[in-house]
Amino acid sequence: MEKDLNRVLARFHLEKELQLSADVEKTVKDLCCIKKSLEDMHKTIAAVDNKLSVAQARVDDIQTSVQAISLANPLSKLPYAEGASWDIGKICQEGTRESILAEIVEFVRGFQGEGTARIFCLTGAPGAGKTAIAHSISKICHDAGWLATSFFYNREDSTRAPKLFSTIIHDLAARYQKFKVSVGQAIEQDPSLASASLTQHFYKLILPFSHQIPQDKPIVIVLDALDEGYSDVLMEILVKGVSSLRGGFKFVVTARNVAQMQEFLREPHVHHKAFGHSHQSNMEDVGMVVQRELSKVALKKGLSGTGWPTKDQEMLMKEKSGGLMIWVITVCHFLSQPESLDPRGELEALLEKTSLDSLGAEEQMDLLYVTILKQWNWFKKGFTEAYKQVMGTILVSKIPMSESAIQSLYSGKSKITMLLSLLRPLLVQSEGDQSIQILHQSLHDFLASRAHLVNEWKNFAIDEKVHHQILVLRTITVLNTELTSATPGTGYTHQNGEMPKFPERIIPEHLRYACKFWMEHLKVVQEPNQELIDVLSFFLEHKFVLWLELSACMWQIVEIEPLIKWIDMCPSPIQLQKYLNSSQHSQAFLSISGHLGINGYLPQSLLAAQYSFNTLKLGATAGLSEAFQSASANVLCQLSTAQGKMGMRKDALEAVKEAVAMQREIAKENPAAFNADLALSLGNLSNRLSEMGLRDEALQAIREAVAMQRGLANGNPAAFKADLARSLGNLSNRLSDIGAGDEALQTIREAVAMQRELANGNPVAFNAGLALSLGNLSNRLSEMGLRDEALQAIREAVAMQRELANGKPAAFKADLTRSLGNLSTCFSEMGLRDEALQTIREAVAMRRELAKENPAAFNADLALSLGNLSNRLSDVGARDEALQAIREAVHMYRGLSESFAAAFSQNLADSLCKLSYLLSEMEEAEEALQSVEEAVQIFRDIAATLPNAFHKNAAWAKQRLSFLKSNL
1 MEKDLNRVLA
11 RFHLEKELQL
21 SADVEKTVKD
31 LCCIKKSLED
41 MHKTIAAVDN
51 KLSVAQARVD
61 DIQTSVQAIS
71 LANPLSKLPY
81 AEGASWDIGK
91 ICQEGTRESI
101 LAEIVEFVRG
111 FQGEGTARIF
121 CLTGAPGAGK
131 TAIAHSISKI
141 CHDAGWLATS
151 FFYNREDSTR
161 APKLFSTIIH
171 DLAARYQKFK
181 VSVGQAIEQD
191 PSLASASLTQ
201 HFYKLILPFS
211 HQIPQDKPIV
221 IVLDALDEGY
231 SDVLMEILVK
241 GVSSLRGGFK
251 FVVTARNVAQ
261 MQEFLREPHV
271 HHKAFGHSHQ
281 SNMEDVGMVV
291 QRELSKVALK
301 KGLSGTGWPT
311 KDQEMLMKEK
321 SGGLMIWVIT
331 VCHFLSQPES
341 LDPRGELEAL
351 LEKTSLDSLG
361 AEEQMDLLYV
371 TILKQWNWFK
381 KGFTEAYKQV
391 MGTILVSKIP
401 MSESAIQSLY
411 SGKSKITMLL
421 SLLRPLLVQS
431 EGDQSIQILH
441 QSLHDFLASR
451 AHLVNEWKNF
461 AIDEKVHHQI
471 LVLRTITVLN
481 TELTSATPGT
491 GYTHQNGEMP
501 KFPERIIPEH
511 LRYACKFWME
521 HLKVVQEPNQ
531 ELIDVLSFFL
541 EHKFVLWLEL
551 SACMWQIVEI
561 EPLIKWIDMC
571 PSPIQLQKYL
581 NSSQHSQAFL
591 SISGHLGING
601 YLPQSLLAAQ
611 YSFNTLKLGA
621 TAGLSEAFQS
631 ASANVLCQLS
641 TAQGKMGMRK
651 DALEAVKEAV
661 AMQREIAKEN
671 PAAFNADLAL
681 SLGNLSNRLS
691 EMGLRDEALQ
701 AIREAVAMQR
711 GLANGNPAAF
721 KADLARSLGN
731 LSNRLSDIGA
741 GDEALQTIRE
751 AVAMQRELAN
761 GNPVAFNAGL
771 ALSLGNLSNR
781 LSEMGLRDEA
791 LQAIREAVAM
801 QRELANGKPA
811 AFKADLTRSL
821 GNLSTCFSEM
831 GLRDEALQTI
841 REAVAMRREL
851 AKENPAAFNA
861 DLALSLGNLS
871 NRLSDVGARD
881 EALQAIREAV
891 HMYRGLSESF
901 AAAFSQNLAD
911 SLCKLSYLLS
921 EMEEAEEALQ
931 SVEEAVQIFR
941 DIAATLPNAF
951 HKNAAWAKQR
961 LSFLKSNL
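Position 55 of the sequence shown, counting from 1, maps to 55 under our numbering, and the rest follow consecutively.
Have a look at this one:
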């Protein structure tokens, strides 16, 4: 029996083992299946990742293409007022305002009548519905193909008003190609126009080209709430400039009937229409709006079909509105909020509290706002403080901000999220960026002004000065805590790097706001508290340079005059002046001046250089110290460079003379420490003297610099040989100017030999300098008639610069284009006309590309290459094309000369001489005479200002003028 039991047990264990084995096998199979599934899933994910990478690459390509297109369009640099256009959701309700809309349309249709008014100005009380009428007339004109621009001013957005005419320019350019081309060319010639004033935009970019817009139909421009965008400059343009526009321009303007607009309303080209909101026809319109808006409330609150509202309630609401559309809209906006649990009872209560007495528009709206505001629990602890914080911020902010930006400004301590649900009846929030602003301008006027006059309303009142102080405190605090060396757009002033470029959106909204507007809020503060003084002191001492770097690279903002004036008026200015006027800040301005100059922002570069000098000078504690004088001299040299680029030649010369005098003084006492800087300043002095036509003095200055640098290079060749080589190139140019060809050639040969030696040891550091010296050598050889050797030198330079530009196009492409111009000239002198033409075409194409990206920096170079292209085309008999090229060059120089006459008037005169010659060759004698007459007059003007200056074409122009006159 025991044996049987053992057999049974053995069989049992065997079966279990077999079962276990089967289970294990099944488990292994399952695991294999899972593994295969995971592998398949991994492959799928990899495929998706690959597709996402491809998609992202395509997105990046599209973004790059869009950016390239934007850069290629000169108008892209003009600011555009986003969100200022008409909105179909804000037009008048169908069947309302028919009479006034018909009157405006009739006015617009009369665009061809002689002596007809250009401006239809509709004035009326706040809240009467003028803005809805403006939206409606915009839609009507848009549908008819008449609308050019609609521009809705908004006092809550301080950045909008200055963009009026630039926005009009954009909109006109989008419709009329000829206008777009002309405006684009004007901006290419004078890039400063893109960021210019209202006056410049109108008189330089709209008025001169208005004749290019078709005159077969009206061109309508709608301006809403003109009183909110009022400025003396704008009114002067509307009074005097608009009547000079060519074509069928018609302006439709709405505004409050405020005192400062009375003179404008009396102008003969202005048709004034006073809109009576309490007239019977308007009251009927209001009744229709009441019916529609209350029906929307009933639908939203689930009250449709309940008999609410009644006809009597609608009639009573119409009567109590006093004809103010905004009154009706505000009531219904209030009733529609989620917090409105009993709209029937709340409407009844509102109507009971509203008097039927005849009230003015302001009083009517004030009482409505009071009724709504009283709904809240003002006795709850902390409520009033929270309300004032949020509403105060919304009222005084310079542009509308989103909820998250306001929350971030207050470091997450704002109660805006809680308050918004209560304030929502009085606010609107955009669908796009979710920016928050008040429902109507009348609310701003009530809270900031009239609420202060009634004791029981003072809880609602907002003291704008107090909240400007709060906002300046919050914005500077944000800068102090969040602006670091890791912030994009910072650090480049002390790292010798390029000024970075990146999309504005990379910087968080609240930090952008703080950077752009902290000074605007500071201007309003008249009695700063100690907390503000403390945070401003910390900012000036630790964060000012970071702010300056970011502001300069993103918005070219270097203007700190409001800050300087505010500190001077401050009760305790000495501490703040000490922090502001520091050598560190001077150095930052100095570096930024150089960066802005390289990028073509010449006025801003000059301003930064002036601030650099002023902050250093005002911050000096020991004005005669060596360190101070050395720093001052360096700043004066940069100031001189910036002034020279602006054509301020006399000022530039005086600045560098002062720098040299300072450095001579300290170099006498300590030559080992300061001779190097003195030598560099002498080189700058030589350039400035040369620009003034003082050739002998220029030569003397550079000879002294070279002698000094020889001594320095003998003692320390590694440190000073490169500077000596550059100065030798400068000396060669000055010798060439006075006709000392042999010595000029010998000098540049020495410079090239030095540069070769340096480049052999460190090609990355010195190949660029060698290439420039080779170009200089080519010029000297050509002047001496050594054409084969000149061609060989410039070919070597071009080859080197092509390699450099392939690696770093931003740094070396401009140098390559200059050398290509020289190579073209060498080909021409050798009789290789086809090669010369092909080469200068390449140079022009490159410079067009550079000028599209940065017209301010490269337009002058492009104009120069166009002149050379004209010469090469003329050499091969392509006179028509040659004439076209020199006309373009003249056109560009004319624009440059209008902005910077001292810098470019000689170039304009030289180009006019070339134009006159070509016109004579093509037997266009009358235009040839006009061109050379203009050139002669320009040369005379230059001679009157710079009597020592030499202009090789001046004598030719006089002879040509005499010849053409005698042959007419």
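We put the CB at the ideal spot given by N, CA and C, even for glycine.
Cβ-Cβ distance between residue i and residue j below 9 Å
| i | j | result |
| --- | --- | --- |
| T149 | I168 | yes |
| S778 | N733 | no |
| S121 | L226 | It should be pointed out that residue 121 corresponds to Cys in this sequence rather than to Ser. The answer is yes: Cβ separation under 9 Å. |
| T817 | R787 | no |
| V252 | A134 | yes |
| E691 | L653 | yes |
| A797 | S819 | yes |
| M315 | V331 | no |
| A843 | L896 | no |
| T484 | S591 | no |
| A845 | D875 | no |
| A514 | T487 | no |
Buried/exposed call for residue i, threshold 16 Cβ in 10 Å
| i | result |
| --- | --- |
| T310 | exposed |
| V48 | Any reading at V48 must be qualified, since the residue scores a pLDDT of 47, below 50, and its modelled position is unreliable; no value is offered. |
| F12 | Bear in mind that a pLDDT of 49 at F12, under 50, signals an unreliable position, so the model cannot answer this. |
| V764 | exposed |
| L52 | Per-residue confidence for L52 stands at a pLDDT of 47, beneath the threshold of 50, marking its modelled position as unreliable; no derived number is given. |
| G229 | buried |
| V233 | exposed |
| R940 | exposed |
| V59 | Any reading at V59 is ruled out, since the residue's pLDDT is 40, under 50, leaving its predicted position unreliable. |
| A928 | buried |
| R505 | exposed |
| K565 | exposed |
| P573 | exposed |
| A55 | The predicted model places A55 with a pLDDT of 46, which falls under 50 and marks its position as unreliable, so this point remains unresolved. |
| N760 | exposed |
| K139 | buried |
From the options, residue whose alpha carbon lies closest to that of residue i
| i | options | result |
| --- | --- | --- |
| E559 | V798, D737 and L607 | L607 |
| V932 | T945, L680 and Q959 | Q959 |
| A725 | A768, R695 and E691 | A768 |
| L791 | A759, N760, T839 and L758 | T839 |
| S551 | N714, V535 and W518 | W518 |
| G489 | N257, I219, V545 and N529 | V545 |
| A448 | L439, I438, I436 and E464 | E464 |
| K398 | M283, Q313, S414 and V524 | V524 |
| N675 | F720, M648, R795 and A144 | F720 |
| S878 | G392, D834, P562 and W555 | According to the sequence displayed, residue 878 carries Ala and not Ser. The option with the nearest alpha carbon to A878 is D834. |
| L752 | E743, N762 and A771 | The question names Leu, but residue 752 is Val in the sequence shown. Here the closest residue by C-alpha is A771. |
| A810 | K501, A925 and S136 | K501 |
| V222 | R118, L850 and G110 | R118 |
| K273 | L602, M288, T254 and V290 | T254 |
| L511 | W457, S402, D534 and N459 | S402 |
Distance between beta carbons of residue j and residue i, contact taken as under 8 Å
| i | j | result |
| --- | --- | --- |
| L685 | V656 | 5 Å |
| G597 | A642 | 6 Å |
| L639 | Q610 | 7 Å |
| H201 | S231 | About 13 Å; that fails the 8 Å criterion. |
| L731 | R703 | 7 Å |
| G741 | M784 | 5 Å |
Proximity test, residue i beta-carbon vs the ligand NAP heavy atom, cut-off 8 Å
| i | result |
| --- | --- |
| M519 | Here there are no bound small molecules, and the ligand NAP is not part of this structure. |
Item to complete: Would you check if there are 3 or more beta carbon pairs closer than 8 Å linking the region 234-246 to the region 169-180?
Response: no
Worksheet item: Looking at C-beta atoms only, is the number of pairs between the region 357-366 and the region 463-472 that lie closer than 8 Å three or more?
Response: no
Practice prompt. Specify whether the region 705-721 and the region 732-746 touch according to this definition: at least 3 beta carbon pairs, one from each stretch, less than 8 Å apart.
Written response: no
Practice prompt. Determine, using beta-carbon pairs with one atom in the region 294-303 and one in the region 334-341, whether at least three such pairs fall under 8 Å.
Written response: yes
Practice prompt. Examine the Cβ distances between the region 918-927 and the region 877-896 and report whether three or more of them are shorter than 8 Å.
Written response: yes
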